[in-house]
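In this note's numbering, the protein residues as written are 3 to 260. Every residue gets a Cβ at the ideal spot worked out from N, C-alpha and C, and that includes glycine. Heads up, the thing below is written out as structure tokens.
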Ligand SMILES: Nc1ncnc2c1ncn2[C@@H]1O[C@H](COP(=O)(O)OP(=O)(O)O)[C@@H](O)[C@H]1O
Ligand SMILES: [Mg+2]
């Protein structure tokens with residue numbers, strides 16, 4: 003059974019079908035890409051996966067520790083509690099706080115609900131300020147951002163802000179991560195650094211990652227499998243080579259240029 007299963011998922015907005023009868027599955031530990039032209043329904047699919055929207059039809063199931071959890075029946079905070087995290091197309095950070103505080107807030111949030119304690123080996127519900135600070139540093143070391151711990155988020159170069167945003171999303175101990183166009187607005191060097199960053203955190207923390215990109219190159223480089231959406235429909239899936247040479251995919255992207 004797949005780790006994440008999306009079954010015949012449809013999300014309509016009035017007369018528009020933003021996501022239309024999409025079925026995909028993701029295995030535990032996989033890094034998969036979700037691509038497609040602007041307006042294809044990528045972000046809408048993430049919004050359904052994370053509980054922002056209820057599906058019009060179909061369901062989303064997470065198989066974890068031998069249990070099937072129907073995510074599409076849960077509100078967003080309960081989906082978060084299942085170890086699901088996301089980032090957004092536009093950066094969302096506490097810009098006037100330090101890198102360390104951004105991470106501490108994310109950890110604190112989770113500590114309140116007890117999941118953070120449950121997910122750490124310490125297994126302690128209550129985490130003191132000093133505990134959290136220490137864990138935040140340990141976490142930042144893991145993701146190679148600890149040298150920036152006392153910098154304000156807004157003073158980081160753009161590429162590092164994006165990395166911090168991803169790190170913060172995972173500071174809660176998430177195991178399933180949805181990244182919405184993390185390379186948007188990046189130059190080639192920043193994109194390259196991001197690629198390495200994603201590969202590192204994935205390995206370091208045993209993550210399963212679904213990555214949205216509008217630009218194909220990043221996805222082609224790091225994703226094991228790619229799903230292609232166009233006008234809300236899944237038009238192709240497979241390896242980078244398979245998808246790259248798929249006629250429907252080529253046409254969808256060509257159509258966009260016109
Ligand atoms: N909340 C909403 N209300 C109405 N239409 C929406 C809403 N969110 C997205 N859409 C529409 O759904 C389609 C898919 O959008 P989106 O999922 O953002 O595409 P992508 O992320 O692939 O660029 C677009 O036509 C968009 O205008
Ligand atoms: Mg989008």
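Put simply, of 21, 55, 145, 199 the residue whose alpha carbon is nearest the alpha carbon of residue 76 is 55. Around the beta-carbon of residue 149, fewer than 16 other beta-carbon atoms lie within 10 Å, marking it exposed.
A distance criterion of 7 Å places the beta-carbon of residue 15 in contact range of ligand 1, judged by its closest non-hydrogen atom. Residue burial is scored here from C-beta neighbours: residue 104 has at least 16 other C-beta atoms within 10 angstroms and is therefore classed as buried. In this structure, ligand 1 has no non-hydrogen atom nearer than 7 Å to the beta-carbon of residue 85. According to DSSP, residue pairing for residue 236 in a beta bridge involves 231. When 43, 138, 206 are compared, the shortest CA-CA separation from residue 19 is found for 43. In this chain, the alpha helix (DSSP H) harbouring residue 205 covers 190-207.
DSSP places residue 32 outside both helix and strand once states are collapsed to three, so it counts as coil.
Counting only the Cα atoms, residue 92 lies some 22 Å from residue 146. Non-local C-beta neighbours of residue 221 in its own chain, meaning closer than 7 Å and more than five positions away in sequence, comprise 35, 37, 213, 215, 228, ordered along the chain.
Unbroken beta strand (DSSP E) stretches of 3 residues or longer found wholly inside the region 141-187: 178-182, given in chain order. Excluding residues up to 5 positions away in sequence, 26, 227, 228, 229, 230, 245 lie with their Cβ nearer than 8 Å to the Cβ of residue 239 in the same chain. Check the Cα spacing between residue 166 and each of 248, 199, 84, 22: the tightest is with 199.
Short of 7 Å from the beta carbon of residue 207, and not among the five residues preceding or following it, lie these beta carbons of its own chain, in chain order: 172. In this structure residue 109 is buried. Its beta-carbon is surrounded by 16 or more other beta-carbon atoms within 10 angstroms. Nearest neighbour of residue 182 by Cα position, chosen from 32, 28, 46, 107, turns out to be 46. In this structure, residue 134 sits away from residue 162, with a CB-CB distance that is not shorter than 8 Å. For residue 190 and residue 224, the gap between their C-alpha atoms comes out near 15 Å. One residue list follows from the rule of a beta carbon closer than 7 Å to any heavy atom of ligand 2, given in chain order as 44, 45, 91, 182, 183, 214. Annotation for residue 256: no beta strand (DSSP E) segment contains it, though the alpha helix (DSSP H) segment containing it runs 249-259. Following the DSSP letters along the chain, one finds residue 213 inside the beta strand (DSSP E) bounded by residues 210-215.
Here residue 132 is exposed. Its C-beta has fewer than 16 other C-beta atoms within 10 Å. DSSP, reduced to helix, strand and coil, places residue 97 outside both helices and strands of the structure shown, so it counts as coil. In this structure, 96 is the residue among 96, 64, 141, 233 with its C-alpha nearest to the C-alpha of residue 157. The continuous stretches of alpha helix (DSSP H) do not include residue 54, and DSSP gives it neither H nor E.
Put simply, the backbone Cα of residue 89 is about 23 Å away from that of residue 58.
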